[in-house]
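In terms of the numbering used here, the sequence shown opens at residue 17 and continues consecutively. A virtual CB, placed ideally from N, CA and C, is assigned to each residue, including glycine. Working notes, beginning with the structure itself.
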Amino acid sequence: MIEQYLDKQWTKEEIYEVYKKPLLELIYEAATLHRHFNNPSEVQISTLLSIKTGGCSEDCGYCPQASRYHTDIQKNDLMTVNQVKASALRAKETGSSRLCMGAAWRNVKDDEDFDQVLEMVEAVNGVGLEVCCTLGMLTENQAKKLANAGLYAYNHNIDTSEEYYKEVISTRGYEDRLKTIDNVRKTGVTVCSGGIIGMGEKWEDRCDMLYTLSLLDPQPESVPINALVAVDGTPLEEQQPVSSWEMIRMVATARLVLPKSVVRLSAGRTSMNKETQAMCFMAGASSIFAGDKLLTTPNPDINEDLVLFEELGLTPKAPIKKEKEAHDVAEKSERTRWTRPGHTIERNVSASNKAKVARKA
Ligand code: SF4
């Protein structure tokens, strides 16, 4: 059974067939393949830290940090290096082996803020955690600077299928996502890229997203699977939550299509009961994000997670030590023209208009 999934070049239709398998059979195959590559008792705990919150210029339909929507998030300027280091130490004490730092930026600029992020990367690496960043679009030169500072992974989600992406975001193109991933690949930094289900996409879009990830060479080391957390004021505020079965099915399909990637349970865990999470671990998820917030949306308490680990006989995975790299870098990056398609997405425009009215009131 395992051989059919190894080094496979997938077609979209083949992924559709996997996704549509009877659920218990799908879970069984995913669990079997998972055991071939991983220790099923080990689950990585990663902490996601919002180092700069809100005020983002983009129009991502799911995101409460977009400044054009009216949400009740608490905006914050860039954290200091000391604040980040303190968070890293706390994360380590509670079993995390990775700290992922997120900044609400369209793209990284060669400025003092980026220099400060490079210092943060060094500091977190010094604490002995794997360091991941998610900072928006990134040039090759910036990727090299992060690698030189000791970055372990860069997160840049493709979010959904190329086709459905146009229904969610109009301020940058799908090709920009792939270009950033390609820039990261020119260093030894690993790639973390996945997406969100429950944004109103068809099930085929979920499979098409996995197809795009399967074409990356090499495939991403990490694939986060998020369930949409519909936040009031965002264009997707009225989306119904995905069912447990859909989440388990998506995790299992990702496990089979991308056999060597770490499949990460990400946003949306607060609406999953323990049994659903256990089934996701069975189906091949081997990482969770910890912390009471995932950037801005709620997340289970770490103590609840540790109780769940105890009940399931899971142990937190240890960090992998990352050495700094030594790329030649220029002070300023090459000029990159990121796209701005600017097509109209009615629900984004409507949420933005509602926010203007709310701000005037
Ligand atoms: S997802 Fe990122 S890029 Fe999009 S609006 Fe939110 S912070 Fe900005």
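Assigned secondary structure, Leu281 (DSSP; H/G/I helix, E/B strand, else coil): strand
Which of the three DSSP states is assigned to Tyr170 in this structure? strand
Can Val147 and Tyr180 be called in contact, C-beta distance under 8 Å? no
Starting from the Cα of Glu350, find the closest Cα among Leu330, Asp93, Asp126, Ala165 and give me that residue. Asp126
Apply the 10 Å Cβ neighbour rule to Ser73 and answer buried if 16 or more other Cβ atoms are within range, or exposed otherwise. exposed
Quick one: what's got a C-beta closer than 6 Å to Val247's C-beta in the same chain, skipping five residues either side? Pro80, Thr87
Any heavy atom of the ligand SF4 within a distance shorter than 7 Å of the CB on Glu11? Any answer about residue 11 is impossible in this case: the structure gives the chain only from 17 up to 377.
Do you know offhand how far Val239's Cα is from Val373's? 38 Å
Sorted by chain position, which residues of the same chain lie with C-beta nearer than 7 Å to Met266's C-beta, five sequence neighbours on each side aside? Ile213, Arg222, Ile241
With a CB to CB cut of under 6 Å and the five nearest residues on each side skipped, what residues in its chain are close to Val205? Ala163, Leu167, Tyr170
For Thr432, name the three-state secondary structure that DSSP assigns. Nothing in the structure corresponds to residue 432, since the chain is present only between 17 and 377.
Buried or exposed, going by whether 16 or more other CB atoms sit within 10 Å of the CB of Ala342? exposed
Determine, using beta carbons only, whether Pro335 and Ser113 come nearer to each other than 8 Å. yes
CB of Arg363 to nearest heavy atom of the ligand SF4: below 7 Å? no
So, does the segment 258–265 touch the segment 292–310, judging by three or more C-beta pairs under 8 Å? yes
Excluding the five sequence neighbours on either side, which residues of its own chain have a C-beta within less than 6 Å of the C-beta of Thr176, listed in chain order? Gly211, Glu217, Asp221, Met225
Just grab the DSSP bridge partners of Ala119 for me. Lys68
I'd like to check one pair, Gly70 with Ala120: are the Cβ atoms closer than 8 Å? yes
Looking only at DSSP bridge pairs, what is Ala301 linked to? Val279
Between Cys208 and Asn173, what straight-line distance do the alpha-carbon atoms span, to the nearest angstrom? 7 Å
Using only the alpha-carbon positions, how far apart do Leu232 and Lys376 sit? 46 Å
Apart from the five residues on each side of it in sequence, which residues of its chain come closer than 6 Å, Cβ to Cβ, to Gly111? Ile61, Pro332
Apart from the five residues on each side of it in sequence, which residues of its chain come closer than 7 Å, Cβ to Cβ, to Pro275? Tyr21, Leu22, Leu49, Phe53
Thinking C-beta only, is Gly77 closer than 8 Å to Val184? yes
Using only the heavy atoms of the ligand SF4, determine whether one of them is closer than 7 Å to the beta carbon of Cys148. no
Following a CB-centred definition, is Cys79 positioned closer than 7 Å to any heavy atom of the ligand SF4? yes
Assuming contact is defined by CB atoms lying nearer than 8 Å, are Leu115 and Leu65 in contact in what I supplied? yes
Mark Asn369 as exposed unless 16 or more other C-beta atoms lie within 10 angstroms of its C-beta, in which case mark it buried. exposed
Would you tell me roughly how many angstroms separate the C-alpha atoms of Glu33 and Glu45, rounded to the nearest one? 13 Å
Just to check my reading of the structure: Met288 and Gln255 have Cβ atoms closer than 8 Å, yes? What is that Cβ distance to the nearest angstrom? Not quite, the Cβ-Cβ distance comes to about 16 Å (not below 8 Å), so this is no contact.
Mind checking which residues open and close the alpha helix (DSSP H) that includes Thr3? The structure shown does not extend to residue 3, since the chain is modelled only from 17 to 377, so the question has no answer here.
Quick one: what's got a C-beta closer than 6 Å to Ala35's C-beta in the same chain, skipping five residues either side? In the sequence as displayed, the identity of residue 35 is Tyr instead of Ala. Here the set comprises Cys223, Thr269.
For Arg106, is the beta carbon positioned less than 7 Å from some heavy atom of the ligand SF4? no
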